[in-house]
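Novice: As numbered in the UniProt record's numbering, residues 1 to 278 make up the sequence shown, in order. Glycine included, every Cβ here is placed at the ideal spot set by N, Cα and C. Nothing here was measured: the structure is a model prediction, and the numbers come from that model. Handing you this structure, nothing more for now.
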Amino acid sequence: MFLNIQSTKTLTNGIEMPRFGLGVYKMTERDETLQAIDKALKVGYRAIDTASLYGNEVEVGEAIRYSGIKREDIFVTTKVWNTDQGYDATLRAFEVSLKKLNMDYLDLYLTHWAVPETFEETYRAIERLYDEKLIRVTGVSNHHEHHLQKLLSKANIAPMVNQVELHPYLQQEALKAFCAEYGIAVTAWSPLGRGGVLDNPTILEIAQEIGKTAAQVVLRWHLQKDTLIIPKSVTASRIEENAQIYDFELTQAQMDQMTTLNRDHRFGQDPDNFKFNF
Ligand SMILES: NC(=O)c1ccc[n+]([C@@H]2O[C@H](COP(=O)([O-])OP(=O)(O)OC[C@H]3O[C@@H](n4cnc5c(N)ncnc54)[C@H](OP(=O)(O)O)[C@@H]3O)[C@@H](O)[C@H]2O)c1
């Protein structure tokens, strides 16, 4: 599988979505955020994943404009937060995000979590934004198969992306197979398990065998599993390290070793038990 940092996955509507990008969760300090995005874009990242919850949409927009890279060459994702869900509220939240980012369209807008009472109406609003060409791609996040089934039974436009927690300890094979059946691309959030999988002896052993770091092994594994990734780092050397995953390939034996690491362990919350009222 030949891949480079700007490789894309073709979505069901023909749009090319970068397979690799920068996540900016927990980047709350202005300078830190601007510097991290600046570094990432210089290294060749062409996708940024933010959310209204992260409180850094203003900085994301600024960093992209400052880079001098054409807006259409960067894939920007943001998400509607749980307390803003429902049809009208989502449309209003989108306007606020667009204004903060200071953009006139977004590439991808996601329902952040499937709030039981509102996620279907939220997705209906996302379909409208797509119809109005304010977003290029529709999607959701933290949706289990049963949530997707509900959306698919009513939607005019099936979600094109589902962003879920996914890493070696939570491999999500069943959900991935379901998404593949419906042409829904899967993006891994916490692709490094927030750093929590990097001391795993099997991963470290593979890393040593091939002269790469544990993070590089995990990120390459994701790519070879056809999973899109958005690793987060504010550390310049790591932003670079995480992008250096295109000059090697894991063997089938190494991929099989990675498969054995699944333990259905979540570092984040289960979408079915999320505390929606905080
Ligand atoms: N949709 C959702 O509900 C949801 C939930 C969570 C996250 N996300 C998205 O997914 C993105 C990534 O997830 P995440 O931030 O939770 O976790 P992650 O990317 O798996 O891990 C980030 C952590 O790992 C560290 N790290 C990064 N590269 C490293 C390396 N090469 N070696 C050692 N440590 C490294 C980072 O530290 P430093 O920053 O200090 O370098 C940070 O503490 C988020 O930023 C966000 O955009 C979405």
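1. Counting C-beta neighbours from all protein chains within 10 Å, is the total for residue 56 16 or more, i.e. buried, or is it exposed?
2. Shorter than 7 Å, the distance from the beta carbon of residue 71 to the closest heavy atom of ligand 1, or not?
3. Can you list, in chain order, the residues of its chain whose CB lies under 7 Å from that of residue 160, leaving out five sequence neighbours each side?
4. Spatial neighbours of residue 41 within its chain, please: C-beta separation below 7 Å, excluding the five flanking residues on both sides.
5. Taking the alpha-carbon positions, what's the residue 46 to residue 241 distance?
6. Over the uninterrupted alpha helix (DSSP H) stretch that includes residue 223, give me the two end residues.
7. Just how far apart, CA to CA, sit residue 278 and residue 218?
8. Figure out for me which residue from 230, 214, 87, 274 has the closest Cα to the Cα of residue 250.
9. Could you spell out the range, first to last residue, of the alpha helix (DSSP H) harbouring residue 256?
10. Buried or exposed for residue 61, going by 16 or more other Cβ atoms inside 10 Å?
11. With C-beta atoms as the reference, is residue 229 less than 8 Å away from residue 191?
12. Out of curiosity, what's the CA-to-CA distance linking residue 39 and residue 105?
13. Since I believe residue 151 is in contact with residue 123 (beta carbons under 8 Å), could you give me their beta-carbon distance rounded to a whole number of angstroms?
14. Where are the beta strand (DSSP E) runs, 3 residues long or more, that stay fully inside the segment 127-167, in chain order?
15. Please list the segments of the alpha helix (DSSP H) lying wholly inside the segment 47-119, counting only runs of 4 or more residues, in order along the chain.
16. If we ignore side chains and look at the alpha-carbon of each, how far apart do residue 16 and residue 257 end up?
17. Give the range of the alpha helix (DSSP H) segment to which residue 271 is assigned.
18. Are the CB atoms of residue 115 and residue 94 nearer to each other than 8 Å?
19. Please name the residue, chosen from 174, 155, 156, 158, that lies closest to residue 164 on a Cα-to-Cα basis.
20. Determine the burial state of residue 30: buried for a count of at least 16 other Cβ atoms within 10 Å of its Cβ, exposed for fewer.
21. How long is the line joining the alpha carbons of residue 176 and residue 132, rounded to whole angstroms?
22. Please state if the CB of residue 210 and the CB of residue 36 are separated by a distance shorter than 8 Å.
23. So is residue 4 buried or exposed if we call it buried at 16+ other beta carbons inside 10 Å?
24. So, with DSSP's three-state summary, where would you put residue 9?
25. Give a single yes or no on whether residue 23 has its beta carbon closer than 7 Å to a heavy atom of ligand 1.
26. Return yes when the Cβ of residue 141 is within less than 8 Å of the Cβ of residue 113, no when it is not.
27. What do you reckon, are the CB atoms on residue 244 and residue 208 nearer than 8 Å?
28. To the nearest angstrom, report how far apart residue 266 and residue 170 are at their CA atoms.
Specialist: Let's see:
1. The sequence position of residue 56 within the sequence shown is 56, counting from 1. Residue 56 is buried by the Cβ-count criterion.
2. If you number the sequence shown from 1, residue 71 lands on position 71. Incorrect: residue 71 has no Cβ contact closer than 7 Å to ligand 1.
3. Taking the sequence shown and counting its residues from 1, the one referred to as residue 160 is at position 160. The residues are 11, 12, 13, 137, 138, 139, 184, 185.
4. Position 41 of the sequence shown holds residue 41. Cβ within range, chain order: 67, 69.
5. Looking up residue 46 in the sequence shown gives position 46. Looking up residue 241 in the sequence shown gives position 241. Roughly 16 Å between the two C-alpha positions.
6. The residue you call residue 223 lines up with position 223 of the sequence shown. Here the alpha helix (DSSP H) through residue 223 covers 214-224.
7. One-based indexing of the sequence shown puts residue 278 at position 278. One-based indexing of the sequence shown puts residue 218 at position 218. With a pLDDT of only 49 at residue 278, under 50, the local geometry of the prediction cannot be trusted, and no value is derived from it.
8. Your numbering for residue 250 matches position 250 in the sequence shown. The option with the nearest alpha carbon to residue 250 is 214.
9. What you label residue 256 is simply residue 256 of the sequence shown in a count that begins at 1. From DSSP, the alpha helix (DSSP H) with residue 256 extends over 252-259.
10. Taking the sequence shown and counting its residues from 1, the one referred to as residue 61 is at position 61. The residue is buried, with at least 16 neighbouring Cβ atoms inside 10 Å.
11. Here residue 229 refers to the residue found at position 229 when the sequence shown is read from its first residue. Here residue 191 refers to the residue found at position 191 when the sequence shown is read from its first residue. Yes. Within cutoff.
12. Here the question's residue 39 lines up with position 39 in the sequence shown. Here the question's residue 105 lines up with position 105 in the sequence shown. Looking at the two C-alpha atoms, the distance is approximately 24 Å.
13. Indexing the sequence shown from 1 puts residue 123 at position 123. Indexing the sequence shown from 1 puts residue 151 at position 151. Correct: roughly 5 Å between the Cβ atoms.
14. 135-141, 161-165
15. 57-67, 87-101
16. Within the sequence shown, the letter at position 16 stands for residue 16. Within the sequence shown, the letter at position 257 stands for residue 257. So the alpha carbons of these two residues sit roughly 31 Å apart.
17. For the purposes of this step, residue 271 is identified with residue 271 of the sequence shown, where counting begins at 1. Where residue 271 is concerned, there is no enclosing alpha helix (DSSP H), given that its DSSP letter is neither H nor E.
18. In the sequence shown, counting from the first residue as 1, residue 115 sits at position 115. In the sequence shown, counting from the first residue as 1, residue 94 sits at position 94. No, the pair does not count as a contact, with Cβ atoms beyond the cut-off.
19. Start at 1 with the first residue of the sequence shown, and residue 164 comes out as number 164. When each option's Cα is compared against that of residue 164, the closest is 174.
20. Within the sequence shown, residue 30 is the residue found at index 30, counting from 1. Classification of residue 30: exposed, given that the 10 Å Cβ count is below 16.
21. Locating residue 176 in the sequence shown gives position 176, where the first residue counts as 1. Locating residue 132 in the sequence shown gives position 132, where the first residue counts as 1. Between residue 176 and residue 132, the C-alpha separation is close to 29 Å.
22. Within the sequence shown, numbered from 1, the residue matching residue 36 stands at position 36. Within the sequence shown, numbered from 1, the residue matching residue 210 stands at position 210. No. Outside cutoff.
23. The residue labelled residue 4 in the question sits at position 4 within the sequence shown. Exposed, because fewer than 16 other Cβ atoms sit within 10 Å of the Cβ of residue 4.
24. Counted from its first residue, the sequence shown places residue 9 at position 9. Strand, per DSSP.
25. By 1-based counting over the sequence shown, the position of residue 23 is 23. At least one heavy atom of ligand 1 is nearer than 7 Å to the Cβ of residue 23, so yes.
26. Walking along the sequence shown from the start, residue 113 turns up at place 113. Walking along the sequence shown from the start, residue 141 turns up at place 141. In contact: residue 113 and residue 141 (Cβ atoms closer than 8 Å).
27. Residue mapping note: residue 244 aligns to position 244 of the sequence shown, counting from 1. Residue mapping note: residue 208 aligns to position 208 of the sequence shown, counting from 1. The answer is no: Cβ separation not under 8 Å.
28. Counting from one through the sequence shown, the residue named residue 266 turns up at place 266. Counting from one through the sequence shown, the residue named residue 170 turns up at place 170. Taking the straight line joining both Cα atoms gives about 6 Å.
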